[in-house]
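If you count the sequence shown from 1, position 32 lands on 31 in numbering that gives the first Met the number 0, and the numbers rise without skipping. Positions of the beta carbon are idealized from the N, C-alpha and C atoms, including for glycine. Keep in mind the model is a prediction, meaning the values are calculated, not measured. So the structure is just underneath, and the comments pick up after that.
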Amino acid sequence: MTREILSVMKRLGLGKNQRIKREAEFKKVMRKGKSYADRYVVMYVLNGSSEINVVTSSGKKLPPLGESQSARLGLSIDRRVGKAIIRNRIKRWMREVFRLHQSRLKDRMEMILVARSSAREIVDYSEMEKRILNLWGKARIFRN
């Protein structure tokens with residue numbers, strides 16, 4: 000690929016401040032957040048305005064939990080979902096739903112999406128998008 004295409008793709012992706020990567024962050028969101036589920040996806044949501052405390056960054060130069068103003072996303076897809084090809088496709092679809100619709104989410108929202116093993120039955124992106132947007136509606140995390 001040319002450098003121009005790669006730079007455009009990089010700008011359209013999720014930045015480091017939009018990802019939940021650290022285990023401590025995952026645990027905090029899953030423990031203190033509310034969960035919403037359907038047949039294919041479980042979502043844990045934590046409103047960052049009041050419930051998120053600073054977690055030590057263990058020497059890394061990453062922002063502590065809760066300092067980001069935008070919504071943040073973490074993904075968890077177990078091997079029971081299927082082989083790597085299926086798991087990666089589901090992750091791409093989840094990230095794309097978040098990327099395209101994140102402007103509609105409230106600020107400082109921490110979200111973990113967990114794919115259930117039945118998620119391998121989803122055959123296209125539009126079904127995944129419908130499922131996730133439905134969960135966001137249940138959680139009432141859209142901006143007014």
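Measuring straight from C-alpha to C-alpha, what distance separates S116 and S69?
29 Å
By DSSP's criteria, N46 is part of a beta bridge. Which residues make up the other side?
M108
Under a Cβ-count criterion, where at least 16 other Cβ atoms within 10 Å of its own Cβ denotes burial, should G14 be classed as buried or exposed?
exposed
Under the assumption that R130 contacts G81 (Cβ atoms under 8 Å), give the Cβ distance between them as a whole number of angstroms.
17 Å between Cβ atoms; not a contact.
Identify the continuous alpha helix (DSSP H) that holds I131 and give its terminal residues.
124-138
Could you work out which residue in G136, A36, Y43, I140 is closest to K26 when comparing CA atoms only?
Y43
Tell me whether A36 is buried or exposed, calling it buried when 16 or more other Cβ atoms sit within 10 Å of its Cβ.
exposed
Is it true that the CB of V40 sits closer than 8 Å to the CB of A114?
yes
M47 vs M108 beta-carbon contact at 8 Å:
The identity of residue 47 in the sequence shown is Gly, whereas the question assumes Met. Contact flag set, yes.
Does DSSP classify S69 as helix, strand or coil?
coil
Please report how far the alpha carbon of A138 lies from the alpha carbon of G12, in whole angstroms.
25 Å
Own chain residues within Cβ distance below 6 Å of L45, not counting five before or after:
V28, K31, G32, E109
Per DSSP, the bridge partner or partners of R18:
L72
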